[in-house]
Amino acid sequence: MPAAVRTVATTLWTPTTSGTTTCGASATWSRHRCLAKSSAGLTGATGLPSAEGADAVNGTISVSALEFDVLWEHLRLPSMPVVIKVGSPGGTFTERRRLVAEAWAGLERRGFGRPVGVHPLLEHLLRLLAQPDREVDGRFWGAGAVAGETRVLAAARGGDGALAVLRAGTLTVRQTSPAGLPSAALGVLNAIGPAGAGPGHSVTMPTHDFESAAATAGADRSRFREALDRRGVRADDIDALLEMIGDVSGYGKFGAAARDKLGRRHRAPRVISFFDTTAGRYLQVRRTSIDGRPWTTLSPADHRRIGQHVDELYRETVERAGAGVD
């Protein structure tokens, strides 16, 4: 109970500051042919890493975190999107040179390029991820049966779209529809941790009351109930909250961003969060009322309902930036 309350009350709603295949081994392939072959993606079009790290038929590329870092540096791209950011190992110049050489050897062996020329599809996707017009990102921790953290960035620029999934030290990228970024990001969650809505009903209360009650409760469910009661929360809503906030087995959040006509990036001021328990999945949404007071809503949610909220967040963000929605 205490860990569940703290997770739900403080972690899930916090916005992140994220910015954010193989098409044939031969680099002589024309760009349009290479891009056309990349539409199928990985099994189920989820973007999850393949066992071998690449699928030359379906147009997906999987690279290690080190290879991703070396490619990003080599292409002189701007700062990595935070949601898919990886470390840049090598404590000394000698160690860094060794790691860079190791990365290039692996990339060349799999037909992804050499320092004199990176595979055209891989370069295209990385450049798109570096500076998209529109984006949806997600972070999932232990969602469903898959332990650990999964990060996803679905991004688009003009008529091109890319999906990147970072998990267990592997980044997998592929093309995706620029008109379906929320669906692409949600598809990754559904692939690793499908879940139905849990029992209970929607409860909305001032965010301050919810967080204060959670902080006061500590490890005691009865103290959480008492703290909510002192803040004027209805008894049936308290019962619903205690039913929904059980033992959290997974959680995550989605965010969105878009650029305006001057290229300035606008990050959504809120995120769409969820958490899983043994009973099912729940949605957590934080909104600000007209008077500036933040309110938190918790409710049972299936994949479709979460998708509606992520799509709404994305459209709000794009419209606020004046970028338009395809």
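297 is the number that our numbering gives to position 297 of the sequence shown; each next residue is one higher, with no gaps. Ideal Cβ positions, reconstructed from N, Cα and C, are used throughout, including at glycine.
Taking the alpha carbon of residue i as the reference point, which residue from the options has its own alpha carbon closest?
i: residue 196; options: 88, 301 and 64; result: 301
i: residue 178; options: 194, 133 and 317; result: 133
i: residue 282; options: 288, 267, 314 and 298; result: 298
i: residue 125; options: 265, 61 and 96; result: 61
i: residue 108; options: 262, 63 and 84; result: 63
i: residue 261; options: 130, 158 and 230; result: 158
i: residue 310; options: 266, 106 and 181; result: 181
i: residue 315; options: 284, 259 and 288; result: 259
i: residue 284; options: 168, 192 and 204; result: 204
i: residue 166; options: 101, 84, 91 and 96; result: 84
i: residue 120; options: 308, 59 and 209; result: 59
i: residue 318; options: 105, 220, 263 and 96; result: 263
i: residue 103; options: 71, 94, 308 and 93; result: 71
i: residue 202; options: 94, 291, 101 and 286; result: 286
i: residue 276; options: 140, 88, 218 and 290; result: 140
Hey, residue i and residue j: beta-carbon distance below 8 angstroms or not?
i: residue 151; j: residue 163; result: no
i: residue 240; j: residue 227; result: no
i: residue 154; j: residue 170; result: no
i: residue 86; j: residue 69; result: yes
i: residue 189; j: residue 138; result: yes
i: residue 295; j: residue 206; result: yes
i: residue 66; j: residue 118; result: no
i: residue 148; j: residue 249; result: no
i: residue 279; j: residue 268; result: no
i: residue 156; j: residue 77; result: no
i: residue 266; j: residue 304; result: no
i: residue 160; j: residue 128; result: yes
i: residue 199; j: residue 243; result: yes
i: residue 91; j: residue 99; result: no
i: residue 209; j: residue 231; result: yes
From which residue to which residue does the alpha helix (DSSP H) around residue i run?
i: residue 334; result: Given that the chain is displayed from residue 1 to residue 326, the structure contains no residue 334 and the question cannot be resolved.
i: residue 311; result: 303–321
i: residue 134; result: Taken as a continuous stretch (DSSP letters only), residue 134 belongs to no alpha helix (DSSP H), being part of the beta strand (DSSP E) at 134–141.
i: residue 155; result: Looking at the DSSP string, residue 155 is not in any alpha helix (DSSP H); the run it does join, the beta strand (DSSP E), is 149–157.
i: residue 94; result: 93–109
So the beta strand (DSSP E) residue i belongs to, where does it begin and stop?
i: residue 69; result: Run containing residue 69: none in the beta strand (DSSP E); it sits in the alpha helix (DSSP H), 65–74.
i: residue 280; result: 280–288
i: residue 298; result: 294–300
With respect to 7 angstroms, is the separation between the Cβ of residue i and the closest non-hydrogen atom of the ligand PLP below this value?
i: residue 214; result: The ligand PLP is not part of the structure shown, which contains no ligands of any sort.
Check your understanding: Does the pairing of the region 217–236 with the region 182–192 give three or more beta-carbon distances under 8 angstroms?
Key -> A contact is defined here as three or more CB-CB pairs under 8 angstroms, and the region 217–236 fails this definition with respect to the region 182–192.
Point to revise | Within the region 242–278, ranges of the beta strand (DSSP E) (whole runs, at least 3 residues) | key: 248–259, 265–267 and 272–277
Review point. Does the region 242–255 come close enough to the region 272–289 to have 3 or more Cβ pairs within less than 8 angstroms?
Key: yes
Check your understanding: On the three-pair Cβ rule with 8 angstroms, is the region 231–245 touching the region 101–114?
Key -> no
Point to revise | Every unbroken alpha helix (DSSP H) within the region 161–240, with a cutoff of 4 residues, ordered by chain | key: 181–192, 207–217 and 221–230
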